[in-house]
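Here the sequence shown is numbered in the working numbering, starting from 1017 and rising by one per residue.
Every residue, glycine too, gets a C-beta built ideally from N, C-alpha and C.
Each remark here refers to the structure printed beneath this line.
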Amino acid sequence: MCAAVSSLCPVFAIVGMAEGEAAKSKRILVTGGSGLVGKAIEQVGKDGEGRPDEEWIFLSSKDADLTNAAETRAMFDRFRPTHVIHLAAMVGGLFRNMKYNLDFWRKNVHINDNVLHSAHEHGVTKVISCLSTCIFPDKTTYPIDETMIHNGPPHSSNFGYSYAKRMIDVQNRAYSEQYGRMFTAVIPTNVFGMHDNFNIEDGHVLPGLIHKTYLAQRDGRSLMVWGSGKPRRQFIFSRDLARLFIWVLREYEEIEPIILSVGEEEEVSIKEAAESIVAAMNFKGEVIFDTSKSDGQYKKTASNSKLRKYLPDFKFTPFSQAVKETCDWFVANYDVARK
Ligand code: NAP
Ligand code: GDP
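Here it is as structure tokens:
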């Protein structure tokens, strides 16, 4: 495994060059490598999942603005990857999505088209892009599965993001049909973990609540949970998602996407999620639900039965343990955490 490209880590510097160094048969470019999911993949690699024939390159927006076609092409010219894990995106929680539907649509459509087309032009063997369970139709039957992506309009709160993500699935099919490309996608549920975006206005619910609990504790105030607390979510720890991403890279050979999620029985309400954070941070103050704020989509319960057919024994980190690790990381890294 390799660190971020900006620092030109040793593994990158010696690729295919060093005496006695086995040639690396896979050069894996990770767009969005500086974000929540990218950092988790990098860490899992450092923790022992890396293989000697793989070279990993983690990109951030400082390396190339992927909304720009020329910069994207130049990045592919420079690194000539054999594989791409495409994570880069404009990302945010419910409240950021509601404010910037147009920006979510335009930025993500540009990024995705630039990355997929550059990958095609450079003959990349395999691309794995990242969708999300929030892109499924709002009016649906449950559990949601991989066949339902295009069955109806997404929830109105994040239609810009959702339609942009759905178009990746359309493009993957088209590259496969027209050119035989192996471009696929994964569909994670709500992700959380170390290196998340803990910004209260922009981020997702768990990092937002962790940050708010930290401040409420520090300042002796109440914790404000937005909305009724009744909506339900399946959360996936970024480390578990990272391990699954590496499996998809090495083993998954379908163009059709795969949902990466804990089981339906692991779904929790926002109230229960807030209680987990309160327990993990030993917060003793009052918890208030601000029902003037939006609840967003009530639920998007997803089936992981396709994943379970491939990986019946995969063990997800228990939610309370993953929340505790994330809270501890945030407190220990308060000064440097993204917020
Ligand atoms: P994140 O922490 O916000 O990271 C976003 C990454 O994208 C960063 O590395 C960022 O680079 C990069 N990026 C953004 N705009 C870019 C641009 N114009 N050019 C180049 N790079 C750009 O996001 P994440 O939570 O890791 O999400 C990773 C993927 O998972 C995304 O595709 C997202 O849609 C998907 N996903 C996320 C969740 C979730 O709950 N977080 C759930 C389902 C799916 P900088 O660090 O330089 O800004
Ligand atoms: P979603 O899963 O895509 O809807 O996005 P979020 O991760 O932002 O979760 C939104 C849900 O969490 C809604 O039901 C919100 O009302 C609720 N929520 C409660 N407190 C917060 C908070 O501090 N930040 C965010 N983003 N959502 C919150």
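Quiz item: If you draw a straight line from the alpha carbon of residue 1144 to that of residue 1102, how long is it in whole angstroms?
Solution: Residue mapping note: residue 1144 aligns to position 128 of the sequence shown, counting from 1. Residue mapping note: residue 1102 aligns to position 86 of the sequence shown, counting from 1. Just so you know, the alpha carbons of residue 1144 and residue 1102 end up roughly 6 angstroms apart.
Quiz prompt | Same chain only: Cβ atoms within 6 angstroms of residue 1108, ignoring 5 sequence neighbours per side | solution = Locating residue 1108 in the sequence shown gives position 92, where the first residue counts as 1. Setting aside the 5 residues that flank it on each side, residue 1108 is surrounded in the same chain by 1218, each with a C-beta closer than 6 angstroms to its C-beta; the list follows chain order.
Practice problem: Please specify which runs of the beta strand (DSSP E), each continuous and at least 3 residues long, are wholly inside the segment 1248-1315, giving them in chain order. | Solution: Complete beta strand (DSSP E) runs here, min 3: 1251-1253, 1274-1276, 1303-1306.
Quiz item: Just to confirm, are residue 1275 and residue 1320 a CB contact at a threshold of 8 angstroms?
Solution: For the purposes of this step, residue 1275 is taken as the residue at position 259 of the sequence shown. For the purposes of this step, residue 1320 is taken as the residue at position 304 of the sequence shown. By the CB criterion at 8 angstroms, residue 1275 and residue 1320 fall inside the cutoff.
Quiz prompt | Contact test: residue 1124 Cβ vs the ligand GDP heavy atom, cutoff 7 angstroms | solution = Walking along the sequence shown from the start, residue 1124 turns up at place 108. Answer for residue 1124: no, Cβ out of range of the ligand GDP.
Exercise. At 4 residues or longer, and completely inside the segment 1064-1150: list those alpha helix (DSSP H) runs for me, N to C.
Key: You should have 1085-1095, 1110-1115, 1117-1137.
Practice problem: Could you check which residue in 1346, 1124, 1174 has the C-alpha nearest to that of residue 1214? | Solution: Taking the first residue of the sequence shown as 1, we reach residue 1214 at position 198. Answer by Cα proximity: 1346.
Exercise. Since I believe residue 1246 is in contact with residue 1311 (beta carbons under 8 angstroms), could you give me their beta-carbon distance rounded to a whole number of angstroms?
Key: The sequence position of residue 1311 within the sequence shown is 295, counting from 1. The sequence position of residue 1246 within the sequence shown is 230, counting from 1. Yes, residue 1311 and residue 1246 are in contact; Cβ-Cβ is about 7 angstroms, under 8 angstroms.
Quiz prompt | Closest Cα partner of residue 1231 within the set 1291, 1297, 1307, 1266 | solution = The count along the sequence shown starts at 1 and reaches residue 1231 at position 215. Of 1291, 1297, 1307, 1266, the residue nearest in Cα terms is 1297.
Practice problem: Could you say which of 1041, 1343, 1119, 1131 lies nearest to residue 1212 if we only look at CA atoms? | Solution: Within the sequence shown, the letter at position 196 stands for residue 1212. Cα-wise, what sits closest to residue 1212 is 1343.
Self-check item: Selected residue, minimal CA-CA separation from residue 1093, among 1138, 1198, 1080
Solution: Within the sequence shown, the letter at position 77 stands for residue 1093. Residue 1138 is the option with its Cα nearest to residue 1093.
Practice problem: Give me the Cα-Cα distance between residue 1150 and residue 1066, rounded to the nearest whole angstrom. | Solution: Looking up residue 1150 in the sequence shown gives position 134. Looking up residue 1066 in the sequence shown gives position 50. Taking the straight line joining both Cα atoms gives about 31 angstroms.
Quiz item: By Cβ distance, which residues of its chain are closer than 8 angstroms to residue 1293, with the 5 residues on each side in sequence left out?
Solution: Start at 1 with the first residue of the sequence shown, and residue 1293 comes out as number 277. Result list for residue 1293: 1222, 1225, 1226, 1229, 1299, 1339, 1343, in chain order.
Quiz item: How would you write the range of the alpha helix (DSSP H) that residue 1334 sits in, first residue to last?
Solution: The sequence position of residue 1334 within the sequence shown is 318, counting from 1. In the DSSP assignment, residue 1334 falls outside any alpha helix (DSSP H), carrying neither H nor E.
Exercise. Flag residue 1053 as yes when its Cβ comes closer than 7 angstroms to any non-hydrogen atom of the ligand NAP, and as no otherwise.
Key: As a working note, residue 1053 is residue 37 in the sequence shown. Under cutoff, so the answer is yes.
Quiz item: Using 8 angstroms as the limit for Cβ to Cβ distance, is residue 1192 near chain D?
Solution: In the structure shown, chain D does not exist; there is a single protein chain.
Quiz item: For residue 1349, which residues of its own chain have a beta-carbon under 6 angstroms away from its beta-carbon, when the five flanking residues on both sides are left out?
Solution: Translated into the one-based positions of the sequence shown, residue 1349 becomes position 333. Nothing listed; no residue qualifies.
Quiz item: At what residues does the beta strand (DSSP E) containing residue 1221 begin and finish?
Solution: What you label residue 1221 is simply residue 205 of the sequence shown in a count that begins at 1. No beta strand (DSSP E) contains residue 1221, which is instead part of the alpha helix (DSSP H) from 1221-1235.
Quiz item: Excluding sequence positions up to five away, which residues of its chain have a Cβ less than 8 angstroms from the Cβ of residue 1022?
Solution: Residue 1022 sits at position 6 when you count from the first residue of the sequence shown. A caution first: residue 1022 carries a pLDDT of 41, below 50, which makes its placement in the model too unreliable to give a value.
Quiz item: How is the beta strand (DSSP E) around residue 1055 delimited, first residue to last?
Solution: Against the sequence shown, residue 1055 aligns to sequence position 39. Element bounds for residue 1055: not the beta strand (DSSP E) but the alpha helix (DSSP H), 1052-1060.
Practice problem: Ignore the nearest five residues each way along the sequence and tell me which others in residue 1083's own chain have a CB closer than 6 angstroms to its CB. | Solution: Locating residue 1083 in the sequence shown gives position 67, counting from the first residue. Beyond the five residues adjoining it in sequence on each side, residue 1083 comes within less than 6 angstroms, by CB distance, of 1123, 1126, 1127 in the same chain, given in chain order.
Quiz item: Is any heavy atom of the ligand NAP found at a distance shorter than 7 angstroms from the C-beta of residue 1174?
Solution: In the sequence shown, the residue the question calls residue 1174 occupies position 158. Judged by the Cβ position, residue 1174 fails to qualify as a neighbour of the ligand NAP at the 7 angstroms threshold, every heavy atom of the ligand being at least this far.
Quiz item: When you compare only the Cα positions, how much space is there between residue 1330 and residue 1099?
Solution: One-based indexing of the sequence shown puts residue 1330 at position 314. One-based indexing of the sequence shown puts residue 1099 at position 83. So the two alpha carbons sit approximately 24 angstroms from each other.
Quiz item: Taking the C-alpha atoms as reference points, what is the distance between residue 1237 and residue 1250?
Solution: As a working mapping, residue 1237 is identified with position 221 in the sequence shown. As a working mapping, residue 1250 is identified with position 234 in the sequence shown. When only Cα atoms are considered, residue 1237 and residue 1250 end up about 29 angstroms apart.
Quiz item: Between which two residues does the alpha helix (DSSP H) containing residue 1323 stretch?
Solution: Sequence index remark: in the sequence shown, residue 1323 carries index 307 (1-based). Counting along the chain, the alpha helix (DSSP H) containing residue 1323 begins and ends at 1321-1326.
Quiz item: How close, in whole Å, do the beta carbons of residue 1202 and residue 1132 come, if the pair is a contact with beta carbons under 8 angstroms?
Solution: To locate residue 1202, count along the sequence shown from 1; it is residue 186. To locate residue 1132, count along the sequence shown from 1; it is residue 116. About 15 angstroms separates the Cβ atoms of residue 1202 and residue 1132, ruling out a contact at the 8 angstroms cut-off.
Practice problem: Spell out the partners DSSP gives residue 1203 in its beta bridges. | Solution: As a working mapping, residue 1203 is identified with position 187 in the sequence shown. Residue 1203 is bridged to 1275.
Quiz prompt | Beta-carbon proximity list for residue 1119, same chain, < 8 angstroms, skipping 5 on both sides | solution = For the purposes of this step, residue 1119 is taken as residue 103 along the sequence shown, with counting starting at 1. Same-chain partners within the cutoff: 1106, 1176.
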